[in-house]
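Report on the structure given below.
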Amino acid sequence: MKSYLVCFSAGCRARYPIGQVIYQCPQCGGLLEAAYEWNRTNVAAWKGLWRERRMSNSPLEQSGVWRYREAFPFLKDTSKVVTLREGNTPVLDAPLAAEYAGLDAVAFKHQGYNPTGSFKDNGMTCGVTQAVNLGKKRVACVSTGNTSASMAAYASKAGLKPIIFLPHGKISFGKLSQALEYGAITLQVEANFDQILALVRRVAQEADIYLLNSINPFRIEGQKTMAIEVLDQLEWQAPDWIVMPGGNLGNCAAFGKGFLEMAELGLIKRVPRIAVVQAAGSAPFYEFMKAPVEGAFVPVNEPDTLATAIRIGDPVSWPKAWSILNATNGVVERVSEQEIADAKAIIGRSGIGCEPASAASLAGIRKLVTAGVIRKDANVVGLLTGNVLKDPEYIYRYHTGQLKTESGEEIHSTFGNQPRVVENSAEAIVRMLKEL
Ligand code: F0G
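What follows is the structure, encoded as structure tokens:
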């Protein structure tokens, strides 16, 4: 079985050894991806094998990523795999959310059930394992919060030193706290995500740090198992749509790669259509896809959204996401701050909950149903990318009518749920409960 890195750019497609430490094509600067010369002889047995492994107590089989390792066979020796038993996230039906979106039914694949509370763990287990495999001692990432929380945990688990770069003041407290608790060297830079990523890509080599942003192809390999796991959970019946929030667009690239490879290997007959949803204040991909031509991508210089996870104006993986939308007959939508906030409250009231960026999925589904793009009876899976506790401040402000954007736009607490203060008296409590 042969694995290699290949330049994603259609005009280049240069190949490099799988163990070469590069983050972009040395020849043309294009994005890289891992590719394989598949050994197809056993593919028919994979579904059964993957299902069977769920019964095992071995760490490798308990991981909802490594269980699917035949789909990303870049590692010869799995004895050094760094796992926190990531993946294994549920697909939850949500009738209230379906009604809100105008659908007969909707299900959420909830990546917030991961060890550090976001989908980043699926990719990070692979990225950090490859860092160990390459003998690296220090790993780094730029992050809007979740990547850094995840990298900090996996690096520390592996005994590596995590170094993280964050946009100062622009990440939620929950995520910053995780980085500190997991022992990362934490640098808060006075710049936005895009500016810091450009900076760190420049210094990575000199500072001898292994970069674990989603430009790292091994991150994408782990992340694509989300697509495989959801298919496994749906008995290999692909949904009509999978809808996800979009920031740096690595996730769209990962899901697309997963679905397309499963189709190429004959494990599914058709691929789901992918819908990417961006926050209106950080929607360069939405703008680009209105008239997509080479060279026409315009970054948003000052991206803005209270969904800080997707506050990204210059997404590095847009060429991959473009190709995936073409290959899956996908679409991109954008949603307002109010739409995100209200959708989030509905997901909360469904007993499910998620962080702000994740709620862009439901807000986007609702808009696409209204526009007639998604049919009412379609089989739709929304991706929830992060846990409800990632950003409690946002929640408190929304429910108490204090949520405001940076530019001063007030978010109406449409589905607000105010806490009540009550005096220390049984009668007063009874009186209050009777009135409610
Ligand atoms: N949802 C959440 C909760 C995220 O943290 C991110 C990205 C996305 C959606 C968007 O995914 O970038 O692959 O399109 N967070 C990154 C980070 C950028 O640094 O944690 P994407």
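Okay, so the sequence shown: first residue is 28 according to the working numbering, each after it adds one.
Even for Gly, the Cβ is constructed at its ideal location relative to N, Cα and C.
Remember, it's a predicted structure, so these values are computed and weren't measured experimentally.
Below 8 angstroms between beta carbons: does that hold for residue i and residue j?
| i | j | result |
| --- | --- | --- |
| E382 | K417 | yes |
| A179 | V155 | no |
| A61 | F245 | yes |
| A302 | S344 | no |
| T143 | P272 | no |
| I401 | L389 | no |
| E364 | T432 | yes |
| D267 | N406 | yes |
| A265 | P299 | yes |
| C153 | G249 | yes |
| K136 | V257 | yes |
| W73 | L261 | no |
| S177 | D148 | yes |
| V159 | K107 | yes |
| R228 | Y425 | no |
With a threshold of 7 angstroms (Cβ to nearest heavy atom), would residue i be considered close to the ligand F0G?
| i | result |
| --- | --- |
| P272 | yes |
| K74 | no |
| K147 | yes |
| T412 | yes |
| C279 | yes |
| G172 | yes |
| E382 | yes |
| S36 | no |
| A125 | no |
| S385 | yes |
| A370 | no |
To the nearest angstrom, how far is the alpha carbon of residue i from that of residue j?
| i | j | result |
| --- | --- | --- |
| A307 | R361 | 5 angstroms |
| Q138 | N414 | 8 angstroms |
| V133 | Y313 | 24 angstroms |
| A384 | R458 | 39 angstroms |
| E288 | G75 | 18 angstroms |
| L226 | I212 | 17 angstroms |
| L187 | V448 | 47 angstroms |
| Q54 | L123 | 51 angstroms |
| S175 | K197 | 13 angstroms |
| A453 | G443 | 26 angstroms |
| K461 | S440 | 24 angstroms |
| S204 | T68 | 47 angstroms |
Less than 7 angstroms separating the Cβ of residue i from some heavy atom of the ligand NAP?
| i | result |
| --- | --- |
| L276 | For the structure depicted, the ligand NAP is absent and the ligand set comprises only the ligand F0G. |
What does a CB cutoff of less than 7 angstroms around residue i pick up in its chain, not counting 5 residues either side in sequence?
| i | result |
| --- | --- |
| D404 | D131 |
Relative to the C-alpha of residue i, which residue among the options is closest?
| i | options | result |
| --- | --- | --- |
| I242 | V396, F35, Y43 and L463 | F35 |
| V325 | I337, T397, L333 and P346 | P346 |
| G38 | Y181, E217, L58 and V48 | L58 |
| P189 | F135, M151 and A124 | M151 |
| I223 | P342, Y421 and E97 | P342 |
| I367 | I422, I212 and C153 | I422 |
| A206 | G274, L226 and A182 | A182 |
| I269 | Q215, P330, L395 and I247 | L395 |
| A334 | I438, V169 and G443 | I438 |
| V109 | Q157, Y127 and A124 | Q157 |
| G285 | Q54, G56, Y63 and L203 | Y63 |
| S83 | R112, T68 and R67 | R112 |
| F220 | Y237, G399, G172 and R229 | G172 |
| A370 | A128, Q51 and Y31 | A128 |
| Q47 | R228, L161, W65 and H426 | L161 |
| Q445 | F135, A386, T427 and L102 | T427 |
| E97 | K107, N66 and V118 | N66 |
| K163 | T116, D235 and I191 | D235 |
| G274 | S177, L203, I339 and A121 | I339 |
| A125 | S440, R94, I351 and R376 | R376 |
| A254 | E233, R228, R229 and A290 | A290 |
| R81 | R393, T116 and N356 | T116 |
| I392 | G378, R424, V166 and V359 | V359 |
| E329 | E454, A121, A310 and G378 | A310 |
| V216 | K202, F192 and R228 | F192 |
| L119 | S440, E462, Q51 and G380 | G380 |
| G56 | F101, R40, P44 and R424 | R40 |
| K296 | W263, V327 and V408 | W263 |
| T332 | K317, F101, M316 and G435 | G435 |
I'd like to know if residue i contacts chain B, where contact means its C-beta is closer than 8 angstroms to some C-beta of that chain.
| i | result |
| --- | --- |
| F282 | The displayed structure is made up of one protein chain only, and chain B is not part of it. |
Just to confirm my understanding: we take residue i, look at its own chain, exclude 5 residues before and 5 after, and list those with CB closer than 6 angstroms. What are they?
| i | result |
| --- | --- |
| A231 | L238 |
| V70 | L292 |
| P194 | N219 and F220 |
| R42 | Y31 and V33 |
Enumerate in chain order the residues of its own chain whose CB-to-CB distance from residue i is below 8 angstroms, with the five nearest sequence positions on each side excluded.
| i | result |
| --- | --- |
| I247 | E60, A61, G150, S241, G277, A280, A281 and K284 |
| E420 | S199 and F200 |
| T105 | L87, W93 and R96 |
| I456 | V449 |
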